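Notes to accompany the following structure.
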Amino acid sequence: MTIITATPPPEAPGRGVRIPVRASGRAIPGPLRFVGRALATLWSNGKARAGLIILGVIIAIAILAPLVAPHSPTATSFAPYKGPDSVNWFGTTGNGQDVFSQLVYGARVSLLVGLGAGGVATVVAVTLGLVAGYRPGVVDEILGFVTNLALVVPALPLMIVLAAYLQGRSVWTIVLVVAFTSWATGCRVIRSQTATLRTREFVTSAVFSGERLGRIVFREILPNMTSLVAASFFSAATAAVLAEASLEFLGLGNPATVSWGTILYQAQQQNALLTGQWLMVLAPGLAIVLLMVSLTLINFGVDALSNPRLREK
Amino acid sequence: MALLEARGVSVAYWPSRGERIWAVRDVDLSLEQGEFVGIVGESGCGKSTLGYALTRMLRPPARLEAGAIAFNGTDIATLHGERLRRQRRHGFALVLQSGMNALNPVRTVARQFGDVLKAHAEPGDDLSREGIARRSAVLLEAVQLAPAVLASYPHELSGGMRQRVSIGLALALEPRLIVFDEPTTALDVIVQQAVMQTIRDLQRDRGFSAVLISHDLGVVLEATDRVLVMYAGEIVEDTPAASVTSGLHHPYTEALLACYGDPRADEVQIAGIPGQPPDLSVAGPGCPFAPRCPLAEDICAAEDPPLTPLGDGRAACHVRARPAGSSVAAAEVEADSVS
Amino acid sequence: MSADQNTVDLTVSDVTKTYRVRGHDRAGSNRAVTAVDDVSFRIPAGAAIGLVGASGSGKSTLARLITGSERPTRGSIAFGDMAVGRLQARGLRRLHREVQMVFQDPYGALNPLHTVEYTLTRPCQNFLHMSADQAARRVRELLETVGLTPPVQFAAKLPHQLSGGQRQRVLIARALACEPSLIVADEPVSMLDVSLRAGILELLADLRRQRGLSLLYITHDLLSARVVTEELLVLNAGRIVEQGPTRQVLQHPQHSYTARLLDAVPNPFAAATPPTGGIPSTDRGNS
Chain F
-17 MTIITATPPP EAPGRGVRIP VRASGRAIPG PLRFVGRALA TLWSNGKARA
33 GLIILGVIIA IAILAPLVAP HSPTATSFAP YKGPDSVNWF GTTGNGQDVF
83 SQLVYGARVS LLVGLGAGGV ATVVAVTLGL VAGYRPGVVD EILGFVTNLA
133 LVVPALPLMI VLAAYLQGRS VWTIVLVVAF TSWATGCRVI RSQTATLRTR
183 EFVTSAVFSG ERLGRIVFRE ILPNMTSLVA ASFFSAATAA VLAEASLEFL
233 GLGNPATVSW GTILYQAQQQ NALLTGQWLM VLAPGLAIVL LMVSLTLINF
283 GVDALSNPRL REK
Chain H
6 MALLEARGVS VAYWPSRGER IWAVRDVDLS LEQGEFVGIV GESGCGKSTL
56 GYALTRMLRP PARLEAGAIA FNGTDIATLH GERLRRQRRH GFALVLQSGM
106 NALNPVRTVA RQFGDVLKAH AEPGDDLSRE GIARRSAVLL EAVQLAPAVL
156 ASYPHELSGG MRQRVSIGLA LALEPRLIVF DEPTTALDVI VQQAVMQTIR
206 DLQRDRGFSA VLISHDLGVV LEATDRVLVM YAGEIVEDTP AASVTSGLHH
256 PYTEALLACY GDPRADEVQI AGIPGQPPDL SVAGPGCPFA PRCPLAEDIC
306 AAEDPPLTPL GDGRAACHVR ARPAGSSVAA AEVEADSVS
Chain V
-7 MSADQNTVDL TVSDVTKTYR VRGHDRAGSN RAVTAVDDVS FRIPAGAAIG
43 LVGASGSGKS TLARLITGSE RPTRGSIAFG DMAVGRLQAR GLRRLHREVQ
93 MVFQDPYGAL NPLHTVEYTL TRPCQNFLHM SADQAARRVR ELLETVGLTP
143 PVQFAAKLPH QLSGGQRQRV LIARALACEP SLIVADEPVS MLDVSLRAGI
193 LELLADLRRQ RGLSLLYITH DLLSARVVTE ELLVLNAGRI VEQGPTRQVL
243 QHPQHSYTAR LLDAVPNPFA AATPPTGGIP STDRGNS
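Here is the structure:
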């Protein structure tokens, strides 16, 4: 039996294991290894590390919301319009709900919409960008026209119109509406990068190695755009966090959900500033900014993702 | 007095993390008025970095670590801002391989000449539209381009024409020294020959000093009077161009020459140089070429040889340019102070 | 692997390739540029042919036509019974099983994210349908063939961990992986230091001798063409202006363009006497 070591003897028969790169490297499935390596790469960048820590804390709070929040976010069990005190740290809403608990639970919706819409938008951007970039001609022209159209239509008014007409009013409606309006920028960037990479010699070389179209697109071209894909994901997610808050604030979301946007919506409806509940305005605003800042900080580290040279250092 | 006198020039690159990389180590170089010197060596030998250092064009992460560079009697190594800019006028210019791509794509050639002439204008210069047009046309004629080129945008010109335009822009300042960094590497061979011919003619007619940096020994030998061979950041040989193909030389120079041959000869044999250049982040003792050198002796691994007379020039080699008798001690002292 | 006897000729008959380009004048009018103009030649099995010319002479276009990357506007290219100009995706893969390419730019032709092993494994799997084990063995053989030893060490490397000469050897190994019968090498040494040139050229020459490969060597460098080829085609403005045995063409050029090309290539020995001595030839190609 072969013993897998970091540097096997040259003539070792590689049964089951091809030339091992790292002794531990082969046991972990590919996608997990990829994500792990990506995280390690991001972690090595100071700004991205700060962003990852903030995002990690927000995610932890969202997951552990029942443990972190002192009260139920929806129970109307307190006196309304209360200022901050030892029971209700951030005060209460006009309906007598605990603002701090709402803030904790609201992280769930903001994260879900941010990451969800960012994800959907990125999938759309990558798919259309790859197709347009790899198939110049009529397909590219049509997709280019649609993309440009989506770019020039102002996003917020479009979102408002879409949200107003769509019936469901669930969080998922918001995810789709936000995704629909934020894929275009990423798509353009990925399209032009694909078009550039397509003419690179290593792609021609892969054709000569007998690779089929799918493999060329997904194994040769796409991995060289990891940083772009990550960047467009984090940009879209950042925009989505803000868009979700905006829609909720405008009352176009589901008022029954608890999110940072709905807290702001209630604060606006109940004239929170006049009743002295400044934390009800400030806290969700700061939370939104903090989440956006964390995503933006992570974006500083994505350059290293598709550059093995940067990754090593 | 030499036009350019560099002493002990050392340049290091500072990557974001990790070791410093010594691209140029303790180089001495002097250049007479009207002399045409070639610097030849393989990629990574520090020849371009040296060219940048001599014209004060180094940009981070590269840094001039040590050395004095006297240009026409003024130490330019420490000059900054306006005083450096004043030195550039009638001083020194750099023409790059990428010079042809360094032209601004959205400005016509005429406007780019105008920019340069205005930026370095002196009192009394004719800066009227006609004056600039006239002077630009003269400069273009010098690089053998028709005045019609003035109205063109860079993308409308061929690579050779663009490189001629950037040489013309360098001439605009009437420099006494022009450093050409791989000026023809991106060009086709036939175009390369024509551009090199222009460079050589300009240099002879106008009498400026020139430094030609190239990886191609053939190009350097055809154009220059004197050749500096660089290896691992050091000048290993300094010899008249005419004598390179005959007589004894530094083993690296000989090895480089053996990589070439005459395609017309009856028997053609070309050689390679085994091994790899040394890691420039480690300043080891000894001759940098010793690990690849067919003539290496024990001393070569221990001491870095100084430049000592050999044939019509000088070479840094323990074996070929063995310093005679008393000068050994002096050479060793010098070598010690280097490391 | 036993070198199966290579008996396939490549025949280029009256091939013309024109491109429609947007005009460089301000009017932006379209015009046709003829890159390859009525070219015919044959590469017999096992021959080493040099295709020389300045840039813009059409030599790289011809390489793309021969390897099926582009289609001729007129004329035909036949490799054995394959009509190269008419192949679809499946046919192209069949062609690439026989006709491989070594690229000019060792920095651009390797995907920066793939290990040497991956790059070399893919053609083994795609063309020879090898299992992972077989392919791994073959990768080691290939690396040894091109002088990258110890192979286990090189297999795990990423392109940026290799020098230019080592990368070019990987590219040659990749082209060899599927045991082709014709290799088209497009300026394989023009981006390398001169000290590496002899090693790469010698490798190409050895491979050809040992495996009976045909070689189409494309270059503007007449010296390297002299070293690896037996016959030269001189291309100027898309047309073949001279052809013949390499040594004869270079020593007694008949066409003025050939003479001009010879004159333009920088040659340290041009003025001097023929080379003598230097480093003994035992030092060759050990990079």
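Taken in sequence, the protein lines are chains F, H and V.
Position one of the first sequence corresponds to residue -17 (the numbering used here), numbered consecutively onward.
Position one of the second sequence corresponds to residue 6 (the numbering used here), numbered consecutively onward.
Position one of the third sequence corresponds to residue -7 (the numbering used here), numbered consecutively onward.
We treat Cβ as the ideally placed atom computed from N, Cα and C, and that holds for glycine.
The model shown is predicted, which means the values in this text are computed figures rather than measured ones.
Within the same chain, show all residues whose beta-carbon is closer than 7 Å to that of residue i, passing over the 5 residues directly before and after it, in chain order.
{"i": "H/Q92", "result": "F76, T79, I81 and L84"}
{"i": "H/D120", "result": "none"}
{"i": "H/R90", "result": "none"}
{"i": "F/T244", "result": "E230, G235 and P237"}
Using C-beta distances below 6 Å, list every residue in its chain close to residue i, excluding the 5 sequence neighbours before and after it, in chain order.
{"i": "V/L207", "result": "A40, I175 and R200"}
{"i": "F/F215", "result": "G100 and T104"}
{"i": "V/A55", "result": "V176, D178 and I210"}
{"i": "V/Q92", "result": "A167, P172 and I175"}
{"i": "F/A212", "result": "V284 and L287"}
{"i": "F/L93", "result": "A44"}
Buried or exposed for residue i, please, with buried defined as at least 16 other CB atoms from any protein chain shown within 10 angstroms of its CB.
{"i": "F/V17", "result": "exposed"}
{"i": "V/Y209", "result": "buried"}
{"i": "H/G5", "result": "This structure cannot speak to residue 5 of chain H, because chain H is shown only from 6 to 344."}
{"i": "F/W242", "result": "buried"}
{"i": "H/S133", "result": "exposed"}
{"i": "H/K123", "result": "exposed"}
{"i": "V/S248", "result": "exposed"}
Would you say residue i lies against chain A (beta-carbon separation less than 8 Å)?
{"i": "F/G96", "result": "No chain A appears in this structure, whose protein chains are F, H and V."}
Cα-Cα, which of the options is closest to residue i?
{"i": "H/P66", "options": "H/Y236, H/A28 and H/A301", "result": "H/A28"}
{"i": "H/G238", "options": "H/L285, H/D267, H/L300 and H/E70", "result": "H/L285"}
{"i": "H/V16", "options": "H/G46, H/G56 and H/P110", "result": "H/G56"}
{"i": "H/M201", "options": "H/G212, H/R211, H/T229 and H/L182", "result": "H/T229"}
{"i": "F/L273", "options": "F/A22, F/L34, F/S26 and F/L138", "result": "F/L34"}
{"i": "F/V128", "options": "F/R173, F/V157, F/K29 and F/Q84", "result": "F/R173"}
{"i": "H/R10", "options": "H/S35, H/D31, H/W19 and H/Y18", "result": "In the sequence as presented, Arg is not what sits at residue 10 of chain H; that position holds Glu. Residue H/S35 is the option with its Cα nearest to H/E10."}
{"i": "F/L329", "options": "F/N281, F/I45, F/A222 and F/P52", "result": "Shown here, chain F extends from -17 to 295; a query on residue 329 of chain F therefore has no answer."}
{"i": "V/L87", "options": "F/N253, F/L279, F/F190 and F/A265", "result": "F/F190"}
{"i": "H/D317", "options": "H/V184, H/P20 and H/H254", "result": "H/H254"}
{"i": "F/T58", "options": "F/P205, F/D80 and F/V102", "result": "F/D80"}
{"i": "H/E187", "options": "H/L207, H/L217, H/R169 and H/E179", "result": "H/L217"}
Grouping DSSP H, G and I as helix and E and B as strand, with all else coil, what is residue i?
{"i": "V/V28", "result": "strand"}
{"i": "H/I81", "result": "coil"}
{"i": "V/K9", "result": "strand"}
{"i": "H/Y18", "result": "strand"}
{"i": "F/D80", "result": "strand"}
{"i": "F/V135", "result": "coil"}
{"i": "V/L102", "result": "coil"}
{"i": "H/I44", "result": "strand"}
{"i": "H/V241", "result": "strand"}
{"i": "V/S61", "result": "coil"}
{"i": "V/Q80", "result": "coil"}
{"i": "H/V324", "result": "coil"}
{"i": "H/E70", "result": "strand"}
List the DSSP bridge partners of residue i.
{"i": "V/Q235", "result": "V/L225"}
{"i": "H/D186", "result": "H/I218"}
{"i": "H/P110", "result": "Looking at the DSSP assignment, H/P110 forms no beta bridge with any residue, so it has no partner."}
{"i": "F/T74", "result": "F/D80"}
{"i": "F/M207", "result": "According to DSSP, F/M207 bridges with nothing at all."}
{"i": "V/S206", "result": "V/L174"}
{"i": "F/G233", "result": "For F/G233, which the question treats as bridged, DSSP gives no partner whatsoever."}
{"i": "H/P314", "result": "H/R319"}
{"i": "V/Q92", "result": "V/I175"}
{"i": "H/E10", "result": "H/S35 and H/A75"}
{"i": "V/I35", "result": "V/L2"}
{"i": "H/Y236", "result": "H/E239"}
Using a Cβ-Cβ cut-off of 8 Å (strictly less than) and excluding sequence neighbours within five positions of residue i, which residues of its own chain qualify?
{"i": "V/V241", "result": "L224, V226, E234, Q235 and T250"}
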